[in-house]
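Heads up, the thing below is written out as C-alpha cells.
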Amino acid sequence: MKKMFYLLLILSFSVNAQKEYTYNFKNSDSLEAYIERYELPFQEEDIYITKDFENSFKPYSESKFLSSPIIYVFNAEGKFLESINNITSEKKLANFKKIRKRPEKNEPNLDFWTSKIVHYKTGKDYDDPKKYDYTFVVNWDLTESEQTAQVIEIWSEWYNVLMRQKAKGENIQIILFNIDLQERWELSSHMRRFVLENVNRSWGE
Amino acid sequence: MRYLVIISFFLASCFSITAQETKFKTNIQLIELEELKKEILESEKEYKIAFIFDQFCPASRDIFPDLDELYKNSTQKNFKLFLVTKTKEKNKEELEDHLFYYGYEEPFYILKDKPLFGFLKKTIQGICESCDYKEMGYSDFIVFNENNEVVAQTNYSQTKEEHISILKKYMQ
Chain W
0 MKKMFYLLLI LSFSVNAQKE YTYNFKNSDS LEAYIERYEL PFQEEDIYIT KDFENSFKPY
60 SESKFLSSPI IYVFNAEGKF LESINNITSE KKLANFKKIR KRPEKNEPNL DFWTSKIVHY
120 KTGKDYDDPK KYDYTFVVNW DLTESEQTAQ VIEIWSEWYN VLMRQKAKGE NIQIILFNID
180 LQERWELSSH MRRFVLENVN RSWGE
Chain B
0 MRYLVIISFF LASCFSITAQ ETKFKTNIQL IELEELKKEI LESEKEYKIA FIFDQFCPAS
60 RDIFPDLDEL YKNSTQKNFK LFLVTKTKEK NKEELEDHLF YYGYEEPFYI LKDKPLFGFL
120 KKTIQGICES CDYKEMGYSD FIVFNENNEV VAQTNYSQTK EEHISILKKY MQ
C-alpha cells in the first residue's frame, strides 16, 4: 500500500504535475530557511543551483530531468547510469552492487548538470577535479504541499544513507541540486514576470 | 627521531581507530529461540519489547522508521528492544541493506532455529506462552515489565498510530 502511495507521489511530483503551488524566485536565505524549518540534514557544501536562466535553467527545464524528488546516478566516467526514485532507493542506495553497471545510451553525461550549476551561496562554478566512483545528483525544491512531510522524509533518508556510504569509505559525490527559480540570475523585472507567468501557467496545468 | 616516528605511528593508529568508530555498522545477531527468551527474561530493563518483524511485510516496513525514530529520540533508555525477524540466515545481506538504509544500529535477531512453518506462532509462543498469537501479525509486539509480566500486547486489527502511541508510553 505504502509503495503504491509513493509511486503515486512520485508521479504526481514531477514538476509538471504540481497544481496548488505558486512558484517564485528563491535565494540562499530561502533555501536555508526551508532546510532549517524542515530539519533537512543537508550540508552546505553539497547544495547547488542553476547558474543562470538562459543557458542553464532553460535547457535544463526543457529536458526530461526537471523533476523532484529523484536521483540521477553517474559512473566514474560521468556516464549516466540510471535514475532512482523512492521505490528503488532502498535497494540501490543501501547497496551499490545493485546500481546498473552499463551506462544508458543517448543520455546526457554528468557534464550536462555540472556545466549548469553553481554553489548556492558562493556562486562558484562546480569544479571538482576528483574522480568519484559514483556521483549522485539529488533533485530537490522548496515546494509546499500536502505531501511536503513525505517528500522531506524521502530527501532526508536519501541524504543520510548516502552520507553513511561516504563514512563507510565509498568514493562518492553528492550534489543536492535545487531546481527552483533563482534570484541569483538577476533577471529584469519584465523577464521575472514573464518567467513566473510561464512557469506557473505551464507547471500548474 | 625514532621516538617521533613511534609517536606519529601511535597518533595515526589512534586517528584510524576513531575514524573507524564513526562508521555505521548494523548489528544482526544469530540466536536460538530459547536463548532469545532467556535474554528477554534476564534483561533488567523496566520494559522489554519483543517486536516481530518481517522485512517484506508492508506493515512492518511501514512502522519501522517510526520505531527507529522513537528509539533514537528516547532519552532515558528505560527499555530494551528485541527485534526478531522472519528473515532467513541466508538472506542476512538483504536485511543488512534494509537496516543500513534506515541507519538502525541496535540488535536485530535472526533465529538460527527458525521454524520452516508457523514462524509467527512458534516465535510468539516461544517468547510468551500467555500471549494470543492468533491475534498477532508482523509489526505487532509484546511489552514485558521488569518482572516479566506482559503489560501490553498489540494485535493486527490495531492501526499503526495505535501501535506508535503504545510504544511511546514505554520507549522513554
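Going down the list, the sequences are from chains W and B.
Reminder that position 33 of the first sequence reads as 32 in numbering that gives the first Met the number 0, one-by-one numbering, no gaps.
Reminder that position 26 of the second sequence reads as 25 in numbering that gives the first Met the number 0, one-by-one numbering, no gaps.
Backbone N, C-alpha and C fix where the C-beta goes; we use that ideal spot for every residue, glycine too.
A quick note: this is a predicted structure, and the numbers were derived from the prediction, not measured.
Assumed close pair residue i, residue j - CB separation to whole angstroms, cut-off 8 angstroms
i       : j       : result
P207(W) : Y125(W) : The structure shown has nothing for residue 207(W), since chain W only spans 0 to 204.
E109(B) : I27(B)  : This sequence places Ile at residue 109(B); Glu is not what is there. With a Cβ gap of about 6 angstroms, I109(B) and I27(B) count as contacting.
I163(B) : D65(B)  : 5 angstroms
K25(W)  : Q181(W) : 6 angstroms
G49(W)  : Y59(W)  : It is worth fixing the name first, because residue 49(W) is Thr in this sequence and not Gly. Going by Cβ atoms, the distance from T49(W) to Y59(W) rounds to 6 angstroms, so yes, they are a contact pair.
V83(B)  : T122(B) : 6 angstroms
V136(W) : Y100(B) : Actually they are not in contact, since the Cβ atoms of V136(W) and Y100(B) sit about 19 angstroms apart, beyond 8 angstroms.
N77(B)  : Y103(B) : About 20 angstroms; that fails the 8 angstroms criterion.
Y137(B) : S42(B)  : In fact, because the Cβ distance is near 23 angstroms, the residues do not count as touching under 8 angstroms.
D132(W) : E169(W) : 7 angstroms
V72(W)  : I86(W)  : Between I86(W) and V72(W) the Cβ distance is about 15 angstroms, and since that is not below 8 angstroms, they are no contact.
F23(B)  : A166(W) : 6 angstroms
T142(W) : Y20(W)  : 5 angstroms
Top-ranked residue by Cα proximity to residue i, from the options
i       : options                         : result
E89(W)  : T74(B), L29(B), E93(B)          : E93(B)
Y119(W) : R36(W), N54(W), I178(W), E38(W) : I178(W)
K115(W) : F95(W), F52(W), F73(W), A32(W)  : F52(W)
C127(B) : E104(B), E68(B), T153(B)        : T153(B)
L115(B) : F143(B), E88(B), N144(B)        : E88(B)
K130(W) : E76(W), I46(W), I83(W), L186(W) : E76(W)
V244(W) : T87(W), F193(W), I69(W)         : Nothing about residue 244(W) can be reported from this structure: the residues present for chain W run from 0 to 204 only.
N54(W)  : T142(W), L195(W), W112(W)       : W112(W)
P107(W) : G122(W), R99(W), F64(W)         : F64(W)
T86(B)  : Q75(B), L69(B), F52(B), P106(B) : F52(B)
V117(W) : D45(W), I98(W), S29(W)          : D45(W)
G117(B) : Y132(B), I165(B), K37(B)        : Y132(B)
Separation of residue j from residue i, as counted between CA atoms
i       : j       : result
A49(B)  : L80(B)  : 6 angstroms
L175(W) : L29(B)  : 38 angstroms
Q171(B) : S73(B)  : 5 angstroms
M0(B)   : E43(W)  : Summary for M0(B): the model assigns pLDDT 47, below 50, so the residue's position carries little reliability; its value from the coordinates is reported in the next sentence. Distance between the alpha carbons of M0(B) and E43(W): 42 angstroms.
K167(B) : D139(B) : 14 angstroms
E145(B) : A93(W)  : 37 angstroms
N74(W)  : E134(B) : 49 angstroms
N199(W) : E185(W) : 19 angstroms
W154(W) : D140(W) : 10 angstroms
D61(B)  : I173(W) : 27 angstroms
S27(W)  : D110(W) : 24 angstroms
E152(W) : K57(W)  : 29 angstroms
P128(W) : V150(B) : 59 angstroms
E33(B)  : Q124(B) : 11 angstroms
D96(B)  : F95(W)  : 10 angstroms
A32(W)  : T158(B) : 34 angstroms
C130(B) : Q164(W) : 41 angstroms
L98(B)  : M190(W) : 49 angstroms
L80(W)  : S62(W)  : 17 angstroms
V142(B) : I98(W)  : 40 angstroms
Y155(B) : Q54(B)  : 16 angstroms
K111(B) : N105(W) : 49 angstroms
Residues bridged to residue i (per DSSP)
i       : result
F50(B)  : L82(B), F140(B)
Q172(W) : T134(W)
K25(W)  : Q181(W)
V72(W)  : E81(W), F135(W)
Y47(W)  : H118(W), F176(W)
E27(B)  : For clarity, residue 27(B) is Ile in the given sequence; the question names Glu instead. I27(B) is bridged to F107(B).
A151(B) : V142(B)
Within-7 angstroms CB hit, residue i to chain A
i      : result
A32(W) : Looking for chain A here will not work: the only protein chains present are W and B.
For this session: Identify every run of the alpha helix (DSSP H) within the stretch 59-146 of chain B, keeping only runs that are complete inside it and at least 4 residues long; order them along the chain.
Result: 91-101, 118-126
For this session: At 4 residues or longer, and completely inside the stretch 79-141 of chain W: list those alpha helix (DSSP H) runs for me, N to C.
Result: 88-93, 109-113
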